[in-house]
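Quick note: to get this note's numbering, add 1179 to the position in the sequence shown (first position is 1). Notes to accompany the following structure.
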Amino acid sequence: GAALKQDDIVEHFFTASTHDWLLFLTNQGRVYRSKVHELPDAGRDARGQHVANLLAFKPNEIIASVIGINDYASLPYLVIATKGGIVKKSPLSEYDSPRTGGLIAISLKDGDEVVAASAITAKDELLLISKKGMSLRFTADDESLRSMGRSATGVIGMKFRSGDELLTMATIRSGDEKSFVLTATDGGFGKRTDISEYRLQSRGGVGVKAAKVDEGARGGLVGALIVNEGNEILVITSGGVVMRTPVKEVRQTGRDTLGVRLVNLDQGTFVVSLAKVNDED
C-alpha cells in the first residue's frame, strides 16, 4: 500500500527498470517524460512526491495515463483515446524530446479529454471499453488507423449511445489470441471472458456488450485488462490498498454478464483501478 492524503487515490501502478522512460499523458493531451531513476526512491508505505514537483504541468492538468518504455524504437507508435471516443496514432519518436514543458500529443475538441494511451505496433489491436459496458475491437494497422502528426485531432474510434463515454482502452498484442478480457467494477466484482468473444469490427461503431453494468452494489466499470491464466492482477482501492489476485481464480464467463466477487472491500472504500503484474515479475 501507500500512505495517502485525504481524497487522494492510487490510479496508476506498474513496474519499471531504472533506465526506462516514463511517458506521462495528461487529460489535456500533452506528453511529459522522465527517466525512472529521476523519480524519488521511497519505501512501500511512503507517500511520494507530487508529480508537479517533477514535471512542469500546466494549470488543471492531471495524469490520464503513464507508459513505461525501454526506448523509442521497440514500439513505434503512440495511440491515444479520449472520453469522446476519438483515437489517434502517431510515431512514438515524435515524443523523444528533452523539452520540459511537455509536447502536444493531440488537439482536443471542447469538453473532450484523454482517458487512455498505449505504445503499440501496427500489428496490435485495440479494445475500447465504455462506461456503460460496450466494447469495440479493431486493428491498429495503417489501413484502419493511419498515423498522424502530433497536433492532429484523430479519428472516431467508437460511437456511444446517450449518456455513455469511453472508460479505457486495452491493447491486444500479436500472440494474445488465447488471452482473456478481464473487467472489474468499483464495487469489487469482476470476470474474465475469452478474447475470441470480442470479434474484430470496423473502427467507428457502437460495438458489442463487454459487461452487464449494475449501478447498485456491484458498481460501475472501472477498468479492463488483457490477461492470460498465468498472470496476476493488482486491484487498487480508494484506501490505498493493493490486492494481488491470480487471474485463474477469477471466474470465466460470457461477455454480457455481471461477474462475481473479485475482492472484499473495507467499508467506505471502492476499487479505483486495475493493473496487470508484468510477466517477468
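Glycine included, C-beta positions come from ideal geometry on N, C-alpha and C. No experiment lies behind these values; they were computed from the predicted model shown.
Going by CA-CA distance only, name the one from Ile1285, Lys1288 and Asp1445 that's closest to Gly1419. Position 240 of the sequence shown, counting from 1, holds the residue named residue 1419. When only C-alpha atoms are compared, the closest one is Asp1445.
Whole-number beta carbon distance between Ser1358 and Ile1405, since they are thought to touch under 8 Å: Residue numbering aside, residue 1405 sits at position 226 when the sequence shown is read from its first letter. Residue numbering aside, residue 1358 sits at position 179 when the sequence shown is read from its first letter. For Ile1405 against Ser1358, the beta-carbon gap comes to about 5 Å, under 8 Å, which counts as contact.
Suppose you measure from the CA of Asp1187 to the CA of Val1451; what does that come to, to the nearest Å? Sequence index remark: in the sequence shown, residue 1187 carries index 8 (1-based). Sequence index remark: in the sequence shown, residue 1451 carries index 272 (1-based). Caution applies to Asp1187, whose pLDDT of 46 falls short of 50 and renders its modelled position unreliable; the value that the coordinates give is listed next. The straight-line gap from Cα to Cα measures roughly 11 Å.
Below 7 Å CB to CB, which residues in the same chain sit around Asp1199 once its five sequence neighbours on both sides are set aside? The sequence position of residue 1199 within the sequence shown is 20, counting from 1. Here the set comprises Val1215, Gly1247, Ile1248 and Asn1249.
What's the call for Thr1279, buried or exposed, on a 16-neighbour Cβ count within 10 Å? Counting from one through the sequence shown, the residue named residue 1279 turns up at place 100. Around the CB of Thr1279, fewer than 16 other CB atoms lie within 10 Å, so the residue is classed as exposed.
Straight-line CA distance for Gly1369 to Arg1434? Reading the sequence shown from its first residue, position 190 is the one you call residue 1369. Reading the sequence shown from its first residue, position 255 is the one you call residue 1434. So the two alpha carbons sit approximately 11 Å from each other.
Using only the alpha-carbon positions, how far apart do Arg1329 and Asn1443 sit? Translated into the one-based positions of the sequence shown, residue 1329 becomes position 150. Translated into the one-based positions of the sequence shown, residue 1443 becomes position 264. Roughly 43 Å between the two C-alpha positions.
For Glu1423, which option in Tyr1251, Leu1413 and Gly1208 has the closest C-alpha, if you only look at C-alpha atoms? Walking along the sequence shown from the start, residue 1423 turns up at place 244. Correcting the residue type first, residue 1423 is Arg in the shown sequence and not Glu. Measuring from the Cα of Arg1423, the nearest candidate turns out to be Leu1413.
Could you compute how far the alpha carbon of Arg1440 sits from the alpha carbon of Ala1403? Counting from one through the sequence shown, the residue named residue 1440 turns up at place 261. Counting from one through the sequence shown, the residue named residue 1403 turns up at place 224. Straight through space, the alpha carbons of Ala1403 and Arg1440 are spaced by roughly 16 Å.
Host beta strand (DSSP E) of Ala1260 (start-end): Sequence index remark: in the sequence shown, residue 1260 carries index 81 (1-based). It spans Tyr1256 to Thr1261 - the beta strand (DSSP E) in which Ala1260 sits, taken as one unbroken run.
If you count every other CB in all the chains shown that lies within 10 Å of the CB of Glu1240, and 16 or more means buried, which is it? For the purposes of this step, residue 1240 is identified with residue 61 of the sequence shown, where counting begins at 1. It is buried - the Cβ of Glu1240 has at least 16 other Cβ atoms within 10 Å.
Roughly how many angstroms lie between the CA atoms of Met1395 and Thr1261, to the nearest whole one? In the sequence shown, residue 1395 corresponds to position 216, counting from 1. In the sequence shown, residue 1261 corresponds to position 82, counting from 1. In the sequence under discussion, the amino acid at residue 1395 is Gly, which differs from the Met named in the question. For Gly1395 and Thr1261, the distance between alpha carbons rounds to 26 Å.
How would you call Asp1289, buried or exposed, if buried means at least 16 neighbouring beta carbons within 10 angstroms? Within the sequence shown, numbered from 1, the residue matching residue 1289 stands at position 110. Looking at its Cβ environment, which holds fewer than 16 other Cβ atoms inside 10 Å, Asp1289 is exposed.
Helix, strand or coil at Glu1273 according to DSSP, with G and I counted as helix: Taking the first residue of the sequence shown as position 1, residue 1273 is located at position 94. Here Glu1273 sits in helix by DSSP.
For the stretch 1272-1287 against the stretch 1379-1393, are there 3 or more C-beta pairs whose distance is under 8 Å? Judged by pairs of C-beta atoms under 8 Å, the stretch 1272-1287 does not touch the stretch 1379-1393, as fewer than three such pairs exist.
Going by C-alpha to C-alpha distance, which of Val1456, Arg1371, Tyr1274 and Val1210 sits closest to Val1245? What you label residue 1245 is simply residue 66 of the sequence shown in a count that begins at 1. It is Val1210.
Just confirm the distance between the C-beta atoms of Ile1351 and Asp1303, as a whole number of angstroms; I'd bet it's less than 8 Å. Residue numbering aside, residue 1351 sits at position 172 when the sequence shown is read from its first letter. Residue numbering aside, residue 1303 sits at position 124 when the sequence shown is read from its first letter. The beta carbons of Ile1351 and Asp1303 sit about 6 Å from each other, so the pair counts as a contact at 8 Å.
Skipping 5 residues on each side, what residues in its chain have a beta carbon closer than 6 Å to that of Asp1275? As a first step, residue 1275 is located in the sequence shown; it is residue number 96 there, counting from the start. For Asp1275, where only same-chain residues beyond five positions count, the Cβ hits under 6 Å are Tyr1251.
Give the range of the beta strand (DSSP E) segment to which Gly1247 is assigned. On the sequence shown, position 68 is the one that residue 1247 refers to. Residue range Ile1242 to Ile1248 is occupied by the beta strand (DSSP E) that includes Gly1247.
Met1337 to Val1421, Cα distance in whole Å? Start at 1 with the first residue of the sequence shown, and residue 1337 comes out as number 158. Start at 1 with the first residue of the sequence shown, and residue 1421 comes out as number 242. Approximately 31 Å, taken between the alpha carbons.
Residue nearest to Thr1372 in terms of C-alpha spacing, selected from Gly1312, Thr1362 and Leu1379: Your numbering for residue 1372 matches position 193 in the sequence shown. Nearest to Thr1372 by alpha-carbon distance, out of Gly1312, Thr1362 and Leu1379, is Thr1362.
Comparing alpha-carbon positions, which option in Lys1391, Gly1366 and Ile1299 lies nearest Leu1308? Taking the first residue of the sequence shown as 1, we reach residue 1308 at position 129. Before going on, a small fix: residue 1308 reads as Ile here, not Leu. The shortest C-alpha separation from Ile1308 is found at Lys1391.
Quick one: grab the DSSP three-state call for Ala1181. Along the sequence shown, one-based indexing puts residue 1181 at 2. At Ala1181 the pLDDT is 44, less than 50, meaning the model places this residue with poor confidence; the figure from the coordinates comes in the next sentence. Here Ala1181 sits in coil by DSSP.
Assign Ile1335 to buried or exposed, taking buried as 16 or more other Cβ atoms, counted over all protein chains shown, within 10 Å of its Cβ. Taking the first residue of the sequence shown as 1, we reach residue 1335 at position 156. Within a 10 Å sphere around the beta-carbon of Ile1335 sit fewer than 16 other beta-carbons, which makes this residue exposed.
Would you kindly work out how many angstroms separate the C-alpha atoms of Glu1273 and Tyr1256, rounded to a whole number? In the sequence shown, the residue the question calls residue 1273 occupies position 94. In the sequence shown, the residue the question calls residue 1256 occupies position 77. The straight-line gap from Cα to Cα measures roughly 9 Å.
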